[in-house]
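**Q** FYI, the numbering for the sequence shown is 7 to 70, going by my numbering.
For each residue, glycine too, the CB sits at the ideal point set by N, CA and C.
Would you mind keeping the following structure in view while I ask a few things?
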Amino acid sequence: MRFRVPDMSCGHCTAAITKEIAVIDPAAEVSTDLDARTVEVSTSQTDGAVIEAIKSAGYEAAPV
7 MRFRVPDMSC GHCTAAITKE IAVIDPAAEV STDLDARTVE VSTSQTDGAV
57 IEAIKSAGYE AAPV
């Protein structure tokens with residue numbers, strides 16, 4: 007699943023988002039693209055759960 011995270015702009019952002027996703031699914035595979043401001047996640051969790059994790063990191067997210 008892929009999400010647009012408009013305010014993601016640096017390594018700190020990606021680390022915070024990755025950390026929060028790991029809280030809900032330690033086995034999740036997360037890749038980020040700062041230029042496109044997207045996060046791709048391979049997880050057994052729902053889109054909603056991943057969006058909430060990204061929000062917990064302090065960022066808004068929407069499915070792409």
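Under the rule that 16 or more other beta-carbon atoms within 10 Å means buried, what is VAL56, buried or exposed?
**A** Buried, because 16 or more other Cβ atoms sit within 10 Å of the Cβ of VAL56.
**Q** For GLY54 and ALA28, what's the separation of their Cα atoms in angstroms?
**A** About 15 Å.
**Q** Taking just the CA atoms, how far does GLN51 sit from VAL70?
**A** Looking at the two C-alpha atoms, the distance is approximately 16 Å.
**Q** Could you give the uninterrupted runs of the beta strand (DSSP E) lying entirely in the stretch 9-57, keeping only those of 3 residues or more?
**A** The stretch 9-57 contains these whole beta strand (DSSP E) runs: 35-39 and 44-48.
**Q** Alpha carbon to alpha carbon, how far is PRO32 from PRO12? Give it in angstroms, no decimals.
**A** If you take the alpha carbons of PRO12 and PRO32, they lie about 24 Å apart.
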